[in-house]
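Enquirer: Take the sequence shown: its position 136, counted from the start at 1, is 136 in our numbering, and no numbers get skipped. We put the CB at the ideal spot given by N, CA and C, even for glycine. Once you've had a glance at the structure underneath, I'll fire off some questions.
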Amino acid sequence: MIEIPSDLHKDLVPLAFLLGSWTGAGVHDFPGAEKCNFGQEVSFSHDGRDFLEYHSRTWVLDSEGNKVKPLETETGYWRIDSDRKVEVVMVRDDGVVEVWYGELADKKPQIDLATDAVARTAASGPYSGGKRLYGYVKSDLMWVGEKQTPEVPLRPYMSAQLKKVVTPEDVERWAKVLPDDMPDDGIAFFK
């Protein structure tokens, strides 16, 4: 369910499908790094201004799905203009800062992004740019990332499928808008 908070900045309404906390798993595979499954937690929040705040944490999973070690952490800010152009400023824990530009697809919750600028610290590994595709598919947030280095041409390296985290407050809010004449079929007790 996509909800549009009453205090969401009007320019961000097209990005409302991103709002909330998401969790799930994916695959990481890039030359020079060990291929692995990873877990991910992502949050998109707002404070009434004209941007979404973004946080992502990933960690390597073992064959039983247990956390082994941190993989990547990102934080950033997402904006959209009246022409559905999206801009993202992102900082990663490996010493990379990126500016991404892209657009929201017409009539569907899908965002294509590509790096416009990359800055790296001396400690970061080789990286020269990337692309990302985010989509809201059957209530899940799915994404795929591509990356390139001076030695490796642009290629997919990470993808994940994330489920929305439902809080007790969400359930309580939804229960308040249920109709009064609902049959007692096990759902009405939420009221």
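Quick check: is the beta carbon of D106 nearer than 8 Å to any beta carbon in chain D?
Expert: Considering every chain present, this structure includes no chain D. It has just one protein chain.
Enquirer: Taking the C-alpha atoms as reference points, what is the distance between Y127 and G32?
Expert: Going from the Cα of Y127 to the Cα of G32 covers about 12 Å.
Enquirer: With a cut-off of 8 Å, do at least 3 Cβ pairs link the segment 77–96 to the segment 107–121?
Expert: Contact between the segment 77–96 and the segment 107–121 is present, because at least three Cβ pairs lie under 8 Å.
Enquirer: With DSSP run on the structure shown, which of helix, strand or coil describes V60?
Expert: The answer is strand: DSSP assigns V60 an E or B state.
Enquirer: Can you give me the C-alpha to C-alpha distance between L113 and V144, rounded to a whole angstrom?
Expert: Approximately 11 Å between the Cα atoms of the pair.
Enquirer: Please name the residue in S63, V68, M90 and Q110 whose C-alpha comes closest to that of R84.
Expert: Minimum Cα distance to R84 is reached at Q110.
Enquirer: Run through the segment 21–62 for me and flag every whole beta strand (DSSP E) of 3 or more residues, listed as ranges in chain order.
Expert: For the segment 21–62, whole beta strand (DSSP E) runs of length 3 or above, ordered along the chain, are 36–45 and 52–61.
Enquirer: Assign T58 to buried or exposed, taking buried as 16 or more other Cβ atoms, counted over all protein chains shown, within 10 Å of its Cβ.
Expert: It counts as buried.
Enquirer: Report all residues from its chain with a CB closer than 6 Å to the CB of Q148; omit the five preceding and five following residues, and keep chain order.
Expert: So the list reads S128, G129 and L154, once near-sequence residues are dropped.
Enquirer: I'd like the list of long-range same chain contacts for I4, defined as Cβ closer than 8 Å, with 5 residues on each side in sequence excluded.
Expert: Result list for I4: V13 and A16, in chain order.
Enquirer: Using a threshold of 8 Å, state whether the C-beta atoms of V42 and L162 are closer than that.
Expert: The answer is yes: Cβ separation under 8 Å.
Enquirer: Looking at G39: is its Cβ nearer than 8 Å to the Cβ of K67?
Expert: Yes, Cβ-Cβ distance for G39 and K67 is below 8 Å.
Enquirer: Which residue or residues does DSSP assign as beta-bridge partners of E87?
Expert: E87 pairs with R79 and Y101.
Enquirer: Identify the continuous beta strand (DSSP E) that holds L162 and give its terminal residues.
Expert: Looking at the DSSP string, the run of the beta strand (DSSP E) that includes L162 is R155 to K164.
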